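In terms of our numbering, the numbers along the sequence shown are unbroken and rise by one, the last being 1164.
Glycine is no exception: its CB is placed at the ideal position from the N, C-alpha and C atoms.
Note that the structure is predicted; figures quoted are calculated from it, not measured.
Structure, as structure tokens:
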Amino acid sequence: MESPFKADVLKGKVALITGGGSGIGFEISTQFGRHGAAVAIMGRRRQVVDAAVAALRSEGIRAIGVEGDVRKQEDAARVVEETFKHFGKLDILVNGAAGNFLVSPEDLSPNGFRTVMDIDSVGTFTMCHEALKYLKKGGPGKGPSAGGVILNISATLHYTASWYQIHVSAAKAAVDSITRSLALEWGTDYSIRVNGIAPGPIGDTPGMRKLAPVEMQNHYSELGPLYKVGKRWDIAMAALYLASDAGKYVNGTTMVVDGGLWLSRPRRIAKEEVRKLSRVVEKKSRNSALVSPTSKL
Ligand code: COA
């Protein structure tokens, strides 16, 4: 699908995208590149990163790939440094690297819980921490007043509670909290905007393959009519909005991009029944209130 944004909305910007070699991260890398940005991809697997960079370059996008694990502070520092060395600045950091698997709490070891916290929450903070020096206003390659942008990829799991996702729910709740705290503190002190995106189920992603494997997909119809699978494009367009000047007054929010799915509730009473009976019930209630004032209590 064509982008509704002008092709130069990120012209001259440099973006570093963790987990940028596949899924949502790769689509964000691609769309950022198509809209004028130079892109650095960080990922753990050399082959994946190389293939992604080759695909971006084949479109004429300036791109580099740097191997690294967001769980290691030295990797985070090295990747940020290499991005700066190559492109001369850093404007946008997208924290897309994440870990996930379905498991019930009693089957999840504390180390399994910690692993996802380490990737999603601590990894997000570590990347922000290491990138600050370049993202802040007046930092290397930055003007005296313009700071950069951070985008944290989150989820909606923790808005209520989600089956088999205790580790990811906790990790993404922490990510949202990091988003708000940094928006407040780094927005004030360094003119950095910090926002998040909470995607719904997005097709053709590693997350979807793990959380809705083909073996289990028929169960998803139980979620009702709001259950629609989004496209990676949908998330990349939200990222473009938040990273570009279109979102220049947006700071500290996590934008839900899920077609309304997280609001899904089963419809317990049929609409026809409500149409037919709501006024009858109302009338009855008013009449009984006239008879007995205490019935209001
Ligand atoms: N069920 C229960 N526990 C699991 C599990 C599963 N499906 N998969 C991993 N674990 C546990 C392991 O048993 C281990 O705990 P233990 O030491 O107590 O046994 C712990 O999690 C770490 O696993 P390990 O395989 O050593 O970690 P890793 O660093 O190699 O991989 C993961 C990290 C597990 C998060 C892996 O799924 C990953 O690399 N994910 C990245 C890609 C991804 O998930 N993308 C989707 C994003 S939405």
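What are the residues that DSSP puts in a beta bridge with residue i?
i	result
Pro1066	Val1124
Asn1019	Asn962, Gly1063
Gly1097	Ile1069
Secondary structure at residue i, three-state DSSP: helix, strand or coil?
i	result
Glu926	coil
Val946	helix
Tyr1102	It should be noted that the sequence gives Ile, not Tyr, for residue 1102. It is helical.
Gly990	helix
Leu815	Nothing about residue 815 can be read from this structure; the chain reaches only from 868 to 1164.
Leu960	strand
Glu1082	helix
Glu934	strand
Arg901	helix
Gly1074	helix
Arg913	helix
Ala1110	helix
Leu877	coil
Glu941	helix
Trp1129	helix
Lys952	helix
Ala1013	coil
Val920	helix
Tyr1116	coil
Lys1000	helix
Ser870	coil
Ser1029	coil
Which residue comes first and which comes last in the alpha helix (DSSP H) that contains residue i?
i	result
Gly979	977-983
Thr1046	1033-1057
Gly887	First-last for Gly887: undefined, no H or E at that position.
Identify the continuous beta strand (DSSP E) that holds residue i and give its terminal residues.
i	result
Ile908	905-910
Asn1225	There is no way to answer for residue 1225, as the model of the chain reaches only from 868 to 1164.
- Message: Check whether the stretch 938-951 and the stretch 896-914 are in contact - that is, three or more C-beta pairs closer than 8 Å.
- Response: Segments in contact, yes.
- Just checking, does the stretch 992-1003 make contact with the stretch 1036-1055 on the three C-beta pairs under 8 Å criterion? Contact holds: three or more Cβ-Cβ distances are below 8 Å.
- By C-beta, the residues closer than 5 Å to any heavy atom of the ligand COA, given in chain order: This criterion selects Ala965, Gly966, Asn967, Phe968, Val970, Ser976, Asn978, Gly979, Thr982, Pro1073, Gly1074.
- Item | Segment contact flag, the stretch 1061-1071 with the stretch 1113-1130, C-beta cutoff 8 Å, min 3 pairs | They touch, by the three-pair rule.
- Should the stretch 916-936 be regarded as contacting the stretch 967-983, the criterion being three or more beta carbon pairs within less than 8 Å? The stretch 916-936 and the stretch 967-983 do not touch, with fewer than 3 CB-CB distances between them shorter than 8 Å.
- Message: Quick check: the stretch 873-881 against the stretch 894-904, are at least 3 beta-carbon pairs closer than 8 Å?
- Response: Taking one beta carbon from each stretch, the stretch 894-904 and the stretch 873-881 have 3 or more pairs nearer than 8 Å; the two touch.
- Tell me, please, whether the stretch 1064-1074 touches the stretch 1001-1015 by the rule of three or more beta-carbon pairs shorter than 8 Å. Contact annotation: the stretch 1064-1074 does not touch the stretch 1001-1015, with fewer than three C-beta pairs closer than 8 Å.
- Message: Three Cβ pairs or more, each shorter than 8 Å: is that satisfied between the stretch 963-975 and the stretch 947-955?
- Response: No, they do not touch.
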